[in-house]
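Protein chains: 2
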Amino acid sequence: MTRQAGCELCELAMPVAWRGEKFAVIVVDDAAYPGFCRVIWREHVREMSDLAAADRLLLNDAVYELELAVREVMAPLKVNVASLGNVVPHLHWHVIPRYADDAHFPAPVWAAASRQTDEAVLAVRRALLPALADAIVRRFEQFQ
Amino acid sequence: MTRQAGCELCELAMPVAWRGEKFAVIVVDDAAYPGFCRVIWREHVREMSDLAAADRLLLNDAVYELELAVREVMAPLKVNVASLGNVVPHLHWHVIPRYADDAHFPAPVWAAASRQTDEAVLAVRRALLPALADAIVRRFEQFQ
Chain S
1 MTRQAGCELC
11 ELAMPVAWRG
21 EKFAVIVVDD
31 AAYPGFCRVI
41 WREHVREMSD
51 LAAADRLLLN
61 DAVYELELAV
71 REVMAPLKVN
81 VASLGNVVPH
91 LHWHVIPRYA
101 DDAHFPAPVW
111 AAASRQTDEA
121 VLAVRRALLP
131 ALADAIVRRF
141 EQFQ
Chain F
145 MTRQAGCELC
155 ELAMPVAWRG
165 EKFAVIVVDD
175 AAYPGFCRVI
185 WREHVREMSD
195 LAAADRLLLN
205 DAVYELELAV
215 REVMAPLKVN
225 VASLGNVVPH
235 LHWHVIPRYA
245 DDAHFPAPVW
255 AAASRQTDEA
265 VLAVRRALLP
275 ALADAIVRRF
285 EQFQ
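In order, the protein sequences belong to chains S and F.
Using my numbering, the final residue of the first sequence is 144, and nothing's skipped along the way.
Using my numbering, the final residue of the second sequence is 288, and nothing's skipped along the way.
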């Protein structure tokens, strides 16, 4: 497996919701965005278009299954999906549940925040995270 | 075809680089980001996971081909790919060539700008746009 020394996504030294040979899924610990998840490709690859065709389809499928898990459990108003990697150029996808009352809506989560979401609302969403972890494990069994 | 009255992406009243039955490709007229492109799904669909499987694969392929066209012509340092749709919840993908000297690098283009790119540099990138349009037409012939 191609690894790059010092790359935090190569090291994958973080709690994962699911870990396979080719990719892992994490639930990001983001205070403002409960249910924010990532799919992290295990090899140090820079762009989607650097992947072999079968791997690209596999990663697209993984992002799709993660979107389904997030929709099923978090019931967001919208899902945002992005592969950026400017800071850490190791292929990973953000899958972010968005709500009308979230910190940036309707702007992207990387814009300036426009509000602070009510703490009680965030607590309700945070309470869904065990169910989200279960849904991820269930949906990703197919990739073993 | 499912359309929603008043949706600007249903209307698709803009110059397109390529237009097919299922999706269109546009080169966005963004002063700070020459080569910024979008794939716009023609039907009014909200999320990737609302698409039928064959359509989802088709749209993933379209984003992939657009990424290749952007890399080939614009030679960016990194490509950013995102499906957000919070403002216009009609499925579309951003494909954005990023450079170390662009207005936001390494932050996402939706963050606060950190610099203004030299106008001469932008002019050189803008001069590539006809070649980008050609590359899109050539690469998207397969989808006719």
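Cβ atoms here follow ideal geometry from the backbone N, Cα and C, with glycine treated the same way.
Only a predicted model underlies this, so the values are computations on that prediction, with no experimental measurement involved.
With respect to the 9 angstroms criterion, L59(S) and F105(S) are not classified as neighbours on the basis of their beta carbons. Excluding residues up to 5 positions away in sequence, L221 lie with their Cβ nearer than 6 angstroms to the Cβ of A244(F) in the same chain. Following the DSSP letters along the chain, one finds N60(S) inside the alpha helix (DSSP H) bounded by residues A53 to M74.
Between V121(S) and the set G20(S), A32(S) and L51(S), the nearest pair of CA atoms involves A32(S). With fewer than 16 other Cβ atoms from the protein chains shown falling within 10 Å of its own Cβ, V281(F) counts as exposed.
Residue pairing from DSSP places C181(F) in a beta bridge opposite V171(F) and V239(F). Shown here, R139(S) sits in a helix according to DSSP, grouped into three states. At a C-beta separation below 7 angstroms, G164(F) has no neighbours in chain S, since its nearest C-beta there lies roughly 20 angstroms away. Per DSSP, the beta-bridge partners of R19(S) are A24(S). Judged by beta-carbon spacing, L51(S) lies within the 9 angstroms limit of W41(S), meaning their Cβ atoms are closer than that value. Under the three-state reduction of DSSP output, A226(F) falls in the strand class. N80(S) and L228(F) do touch by the CB rule: their CB atoms are close to 5 angstroms apart, below 8 angstroms. When only Cα atoms are considered, Y64(S) and H236(F) end up about 15 angstroms apart. T261(F) counts as buried, since no fewer than 16 other beta carbons sit within 10 angstroms of its beta carbon.
At a cut-off of 9 angstroms between C-beta atoms, S227(F) counts as an interface residue with respect to chain S. The C-beta distance from M1(S) to E43(S) rounds to 5 angstroms, short enough to meet the 8 angstroms contact threshold. Secondary structure at D101(S): coil, using DSSP grouped into helix, strand and coil. Proximity to M192(F) across R71(S), D30(S), C37(S) and E11(S) peaks at R71(S), based on C-alpha coordinates.
Boundaries for A149(F): no alpha helix (DSSP H) harbours it, and the DSSP string shows neither H nor E there.
With its beta carbon at least 9 angstroms from every one in chain S, E152(F) lies outside the interface.
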